[in-house]
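Numbering of the sequence shown is given in numbering that gives the first Met the number 0, commencing with residue 0 and proceeding in unit increments.
Right, one structure below, let's go through it.
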Amino acid sequence: MTGTELVLWVIVPYVCIAVFVGGHVWRYRYDKFGWTTRSSQLYERRLLRLASPLFHFGILAALGGHVMGLLVPERWTEAAGLGDTAYHAMSLTLGTIAGFGTVVGLSLLIYRRRTVGPVFSATTKNDKFMYVFLAATILLGLLTTVLTNATGHPHDYRQTVSPYFRSIFYFQPKPELMTAAPLGFKLHVETAWLLFGIWPFTRLVHVFSAPLGYLTRPYIVYRSREHTAGSPRGVGGGSAPRLRLGWGRP
Ligand code: HEM
């Protein structure tokens, strides 16, 4: 194992995983009320209504693909009757759809942040920093899927990246497996580790409180008049929902 392999595929992953776990515990203990998506829905809804589900459903589907592709060994799917060719056809089709949905959704979200004044003003340096890592990881993931398949010689990442990923969690790291993977996979996996390293200090923490935990621990409650039992109707008693701002339980 060379020094570079050791740093890229063993030290960086373990440091990032340790920071990911420790950082979340720290953030929860010391910044409970900053644990939020900092929703910008109040500023703009039209674009958000399209971009947010596209991004979130896309990323959830990609996550499902990662669980299947990284955690389930190839021999298991083969034993279940799913051959290599069929597996790759499935992962290419579903992975590309999920990946494109995620990229289009993310592009719209970034466009909205840049062009809608109040949303832009609410965007911090921390958000921009996080978006760079998030976008790089997603774009590189999609590129590896599309490009390696478009060349007609798809790389069987279940022989390299997947056993490497599992070896990290068995505490018997096999960095040589990553050395054998094409460059696109290397870049995608390295940016993913770094993304995990910055995760606890960004808005991405909301992943662990959505949707149920987030709903039961409101700090500020935004509620529609329509749905507030016993609330008096405003002048005109209109049908359009209005927003009210109130203080919830801390
Ligand atoms: C260390 C962790 C990760 C590893 C080892 C990994 C590995 C991979 C591999 C092997 C592929 C190719 C799949 C295929 O061609 O079917 C891929 C694709 C992809 N990855 Fe990752 N990944 C990791 C983390 C992430 C993260 C954190 C994100 C998003 C934030 C992400 C987003 C994507 C996307 C969008 C694709 C395109 C295909 C799809 O939609 O599944 N990956 N990844």
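In this text, a Cβ means the ideal position worked out from N, Cα and C, and glycines have one as well.
Notebook entry, point to check: alpha helix (DSSP H) containing residue 37: first to last residue?
Noted result: Segment: none, residue 37 is in no alpha helix (DSSP H) and carries neither H nor E.
Next item on the list: Decide yes or no for the touch test of the segment 25 to 45 against the segment 113 to 125: beta carbon pairs closer than 8 Å, at least 3 of them.
Entry: yes
Check: Within this structure, are the beta carbons of residue 45 and residue 204 separated by less than 9 Å?
Finding: no
Notebook entry, point to check: If we count the other Cβ atoms within 10 Å of its Cβ and call it buried at 16 or more, is residue 197 buried or exposed?
Noted result: buried
Checklist line | Enclosing alpha helix (DSSP H) for residue 208 [first to last residue] | finding: Looking at the DSSP string, residue 208 is not in any alpha helix (DSSP H), and its letter there is neither H nor E.
Checklist line | residue 192 beta carbon less than 9 Å from that of residue 16 | finding: yes
Next item on the list: Compare the beta carbon distance of residue 69 and residue 145 with 9 Å and say whether it is the shorter of the two.
Entry: no
Notebook entry, point to check: Would the C-beta of residue 195 count as close to the ligand HEM, meaning under 8 Å from any of its heavy atoms?
Noted result: yes
Next item on the list: For residue 50, verify whether its CB is less than 8 Å away from any heavy atom of the ligand HEM.
Entry: no
Notebook entry, point to check: Regarding residue 160 and the ligand HEM, is the C-beta to nearest heavy atom distance less than 8 Å?
Noted result: yes
Next item on the list: For the alpha helix (DSSP H) containing residue 4, list its first residue and its last residue.
Entry: 2 to 5
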